[in-house]
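**Student:**
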Amino acid sequence: MAKVVAVIPSRLASTRLPEKPLIKIAGKPLIQWVVEGAKRAKLIDKLVVATDSDRIAKVVDELKTECVMTSPDITTGSDRVWAAAKDQDAEFVLNVQGDEPLIRGEHLDELIAPFLKDSKLNMGTLATALEVSDMENKNVVKVIVDKFGSAIYFSRYPIPFSRIQAEAPVKLSQKHIGIYLFRKSFLQKYCEFGPTQLERAESLEQLRALYMGEKIKVISVPWDSWGVDTPEDVQKMEKVLSSRK
């Protein structure tokens, strides 16, 4: 049995960036950057791309990576991941966002490692330092954690509110990086539970797990990453990735 299967959900339709996974950034399709980053992880036993598009599947096939075709009617990344992972013989399922071209193998290994040692962990994610300039940015998700490193809450809003200026929220928050590791048995429960009012309010799917009463382990890493959601993101990413070539 493979211990860890990584799934990259990649949907062709995008409201803000049409055909986003196929957009060329620094000479490569966006999905290629993500696949290559994930392949550098040492603790992943198998990598799969879950898509609804033959065009994306063709690019993935050229990268010699397994591709699973999923229904275009699936609306969430986690449900697409589960559709691809449910028949995989694995203990853990890693959800690697298909629009995060800066993802590193180190990101994924740091998230996976604690789960291989602790049988009580069912879900985990990543965070990094939050810049003051991002505190009011609703596209940057903030997370606060407890003393054990578990998430207390995620929000697009600056959290926590502080009446004491010396304890500004930016000192107490971290920037969330949208990579998730699930114990496979919990991912099934998570998807079967269905969307909640809380996650719809923030448009943050991970809030479903907190609503269910599950702990989310948050691993802090020194490497930032961000998704590509707007034309401005594409321009910004072009500069960053061109320097890596």
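Here the working numbering is used: position 171 in the sequence shown is 555, and no number is missing along the way.
In this text, a Cβ means the ideal position worked out from N, Cα and C, and glycines have one as well.
1) Look up methionine 685 in the DSSP assignment and say whether it is helix, strand or coil.
2) Alpha carbon to alpha carbon, how far is aspartate 530 from glycine 411? Give it in angstroms, no decimals.
3) Is the Cβ-Cβ distance between lysine 555 and threonine 512 less than 8 Å?
4) DSSP three-state label for serine 398, please.
5) So what does phenylalanine 538 bridge to, in DSSP terms?
6) Considering only C-alpha positions, which residue in the set Thr449, Asp613, Arg439 and Gln590 is nearest to lysine 599?
7) Aspartate 436: buried (16+ other C-beta within 10 angstroms of its C-beta) or exposed?
8) Quick check on leucine 571: buried or exposed, where buried means 16 or more other Cβ atoms within 10 Å of its Cβ?
9) With 16 other CB atoms within 10 Å as the buried threshold, where does threonine 454 fall?
10) Mapping DSSP to helix, strand and coil, what is lysine 404?
11) Suppose you measure from the CA of phenylalanine 538 to the CA of valine 527; what does that come to, to the nearest Å?
12) Can you tell me whether leucine 481 is buried or exposed? The criterion is at least 16 other CB atoms within 10 Å of its CB, across all chains shown.
**Tutor:** Taking the geometry as given:
1) Summary: the structure shown does not reach residue 685, with the chain confined to residues 385 through 629, and so no result is reported for it.
2) A straight-line Cα-Cα distance of about 42 Å links glycine 411 and aspartate 530.
3) It is not a contact, given that the beta carbons lie outside the stated cut-off.
4) DSSP places serine 398 in coil when its eight states are reduced to three.
5) Val527, per the DSSP bridge assignment.
6) When each option's Cα is compared against that of lysine 599, the closest is Gln590.
7) It counts as buried.
8) Buried: at least 16 other Cβ atoms inside 10 Å.
9) By the beta-carbon neighbour count (other beta carbons within 10 angstroms, threshold 16), threonine 454 is buried.
10) Residue state, collapsed to three classes: helix.
11) Roughly 4 Å between the two C-alpha positions.
12) Strictly speaking, residue 481 in this sequence is glutamine, with leucine absent from that position. By the neighbour-count rule (16 or more Cβ atoms within 10 Å), glutamine 481 is buried.
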